[in-house]
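**Q** In full-length UniProt numbering, the protein residues as written are 1 to 377. Below is one structure. I have some questions about it.
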Ligand code: FAD
């Protein structure tokens, strides 16, 4: 293959994709709007950790990165329910308790993928390049950089630039696709539970859930023995708590076991941003057989199944299979990729929305628990 491929976005999808294409001998330039994350601080307020499951691990295995990534992973074998009052309730994910999802650092995963991409033959990684213009038919790209505007061309352009994709925006402006973004009327905010006397303050072998009917909090363990909590609340409700006293009073009433474990609660609450959540529907995902969307740029979902990144990793494996199936023809691979993936991504988008109701409400009900026990026998 002698095509030059431009990948826009060096997040999880773009970096992994660069690794896969390099193995095929494709020349890739990976453009990222941010500075190199390996040399700086993680963005505050983006999810710090992720649950990676078998779907994502399969892709990492194919580029020999699974051992490195899994070295710091924390397996979570079930969910631990925290009621307002009463004992904790552990609900295993599998009857034999041998299956787990894995909590890993988003930053460490992204850095490992970026390192692998940067080392791969034929891959150039360019930071501080924000895509601001695209002619999808001509393969012409325009970037804003600290040195001013940069114009370039590529034979193939792949938009791996996330839920708010600029590539998707450009295709929309060209009327090359239609899009529908369903924002959820909920936002999210992260809090932290630090290590206590050098140890985890909660069981690190579980994904912790505080179901509260119309809202919830979850917590995943980190390798430094802290936990990152994420509140999922109706969007406007975060603004109702504005003073340290009101925050402490609210958490004492609704999340009483959190208060003694989270000494920085008030500071986190007041300083951490509220993130938006939504589902992206776009159609088609490709134009002219040379420009396409992949990962969140094509089909971002709400995070309640912990499958967005896993699903994006499956995209990369499937695109690679399509290139195999078509003898490396991009013009045939891009429509084939969409035909093979769309049904699956639409299914997980629906399941992710349904799982929000399960996590925030049903997991706390005795009827649900009985149902789960029957399912597992
Ligand atoms: P992104 O991670 O958004 O990366 C896009 C990249 O493109 C970024 O580096 C960005 O800087 C760059 N970019 C954007 N615009 C431009 C531009 N104009 N020019 C150049 N570069 C650009 N998934 C899971 O599998 N498990 C989980 O447990 C999980 N938990 C989550 C929790 C939360 C709160 C959220 C919000 C999401 C969660 N997800 C989870 C989903 C997961 O984060 C995404 O599916 C995943 O990050 C998608 O990767 P991506 O590379 O496609 O997009």
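Here a beta-carbon is modelled for each residue, glycine too, at the ideal position from N, C-alpha and C.
For the candidate residues 131, 157, 147, whose alpha-carbon lies nearest to that of residue 137?
**A** Nearest option by C-alpha distance: 157.
**Q** Let me know the beta strand (DSSP E) ranges lying completely inside the segment 230–288, each 3 residues or longer, listed in chain order.
**A** List check, beta strand (DSSP E) in window: 275–283.
**Q** Going by beta-carbon coordinates alone, are residue 212 and residue 360 separated by less than 8 Å?
**A** For residue 212 and residue 360, yes; Cβs fall inside 8 Å.
**Q** Check for me: the alpha helix (DSSP H) holding residue 299 runs from which residue to which?
**A** Counting along the chain, the alpha helix (DSSP H) containing residue 299 begins and ends at 296–299.
**Q** Just to confirm, does residue 243 get its C-beta within under 7 Å of one of the non-hydrogen atoms of the ligand FAD?
**A** For the ligand FAD, not one heavy atom lies less than 7 Å from the Cβ of residue 243.
**Q** Is residue 192 helix, strand or coil by DSSP?
**A** Strand at residue 192.
**Q** Quick one: is residue 183 buried, meaning 16 or more other Cβ sit within 10 Å of its Cβ, or exposed?
**A** Classification for residue 183: exposed.
**Q** Under 7 Å Cβ to Cβ from residue 221, same chain only, skipping five residues before and after it: list those, please.
**A** Answer for residue 221: 74, 103, 200, 204, 227, listed in chain order.
**Q** Taking only three categories from DSSP, how would you classify residue 146?
**A** Residue 146: coil per DSSP, three-state reduction.
**Q** Quick check: the Cα distance between residue 35 and residue 10, rounded to an integer number of angstroms?
**A** Cα to Cα, the separation comes out at about 11 Å.
**Q** Let me check one thing: in DSSP terms, what residues is residue 209 bridge-paired to?
**A** DSSP lists 81, 218 as partners of residue 209.
**Q** Sorry if obvious, but does the Cβ on residue 296 come closer than 7 Å to a heavy atom of the ligand FAD?
**A** Residue 296: yes, Cβ under 7 Å from the ligand FAD.
**Q** Determine, using beta-carbon pairs with one atom in the segment 47–61 and one in the segment 304–319, whether at least three such pairs fall under 8 Å.
**A** Taking 8 Å as the limit for Cβ pairs, the verdict is that the segment 304–319 does touch the segment 47–61.
**Q** Compute every distance between the C-beta of residue 100 and the non-hydrogen atoms of the ligand FAD, then say whether any falls below 7 Å.
**A** Outside the cutoff, so no.
**Q** Whole angstroms are fine: how far does the CA of residue 265 sit from the CA of residue 256?
**A** Cα-Cα distance, rounded: 12 Å.
**Q** Regarding residue 307 and the ligand FAD, is the C-beta to nearest heavy atom distance less than 7 Å?
**A** Result yes, Cβ under 7 Å from the ligand FAD.
**Q** What distance in whole Å lies between the Cβ atoms of residue 122 and residue 25, which are believed to be in contact at a cut-off of 8 Å?
**A** 7 Å between Cβ atoms; contact.
**Q** Taking one C-beta from the segment 116–136 and one from the segment 224–241 each time, how about it: are there three or more such pairs within less than 8 Å?
**A** The segment 116–136 is not in contact with the segment 224–241.
**Q** Kindly indicate which residue of 287, 304, 305, 279 has the alpha-carbon position closest to the one of residue 296.
**A** That would be 279, whose Cα lies nearest to the Cα of residue 296.
**Q** Going by the DSSP bridge assignment, what does residue 89 pair with across the sheet?
**A** Looking at the DSSP assignment, residue 89 forms a beta bridge with 81.
**Q** Between residue 8 and the rest of its own chain, which residues show a CB-CB distance below 6 Å, the 5 nearest in sequence each way excluded?
**A** So the qualifying residues of the chain are 31, 131, 159, 161, 167.
**Q** Is residue 173 buried or exposed, if buried means 16 or more other CB atoms sit within 10 Å of its CB?
**A** Residue 173 is exposed by the Cβ-count criterion.
**Q** Please classify residue 254 as buried or exposed, where buried requires at least 16 neighbouring CB atoms within 10 angstroms.
**A** Result: exposed.
**Q** With a CB to CB cut of under 8 Å and the five nearest residues on each side skipped, what residues in its chain are close to residue 259?
**A** Closer than 8 Å at the Cβ level, and outside the excluded window around residue 259, lie 248, 251, 252, 265.
**Q** State whether the segment 328–342 contacts the segment 72–88, with contact taken as three or more CB pairs (one from each stretch) at a distance under 8 Å.
**A** Too few Cβ pairs lie closer than 8 Å, so no.
**Q** Heavy atom of the ligand FAD less than 7 Å from the Cβ of residue 234, yes or no?
**A** No, the ligand FAD has no heavy atom inside 7 Å of this Cβ.
**Q** Does the beta-carbon of residue 310, which I'm using as the reference point, lie nearer than 7 Å to any heavy atom of the ligand FAD?
**A** Yes - the ligand FAD has a heavy atom lying nearer than 7 Å to the Cβ of residue 310.
**Q** Just the C-alpha distance for residue 373 and residue 290, rounded to the nearest angstrom, thanks.
**A** A caution first: residue 373 carries a pLDDT of 40, below 50, which makes its placement in the model unreliable, though a value can still be read off. When rounded, the distance between both Cα atoms is 50 Å.
**Q** Let me know if residue 54 comes out buried or exposed under the rule of 16 or more other beta-carbons within 10 Å of its beta-carbon.
**A** That one is exposed.
**Q** Within the present structure, is the beta-carbon of residue 135 separated from the nearest heavy atom of the ligand FAD by less than 7 Å?
**A** Checking the Cβ of residue 135 against the ligand FAD gives no.
**Q** Classify residue 2: buried if its beta carbon has 16 or more other beta carbons within 10 angstroms, exposed otherwise.
**A** It counts as exposed.
**Q** Which one or two residues does DSSP pair with residue 153 in a beta bridge?
**A** Partner(s): 140.
**Q** Cα separation between residue 376 and residue 96?
**A** Note that residue 376 scores 33 on pLDDT, short of 50, meaning its location in the model is unreliable; the coordinates nonetheless yield the value given after this. Looking at the two C-alpha atoms, the distance is approximately 9 Å.
**Q** I need the DSSP call for residue 126, collapsed to helix, strand or coil.
**A** In the structure shown, residue 126 sits in a strand (DSSP, three-state: E or B).
**Q** Check the DSSP bridge columns for residue 186 and list the partner residues they point to.
**A** Residue 186 is bridged to 234.
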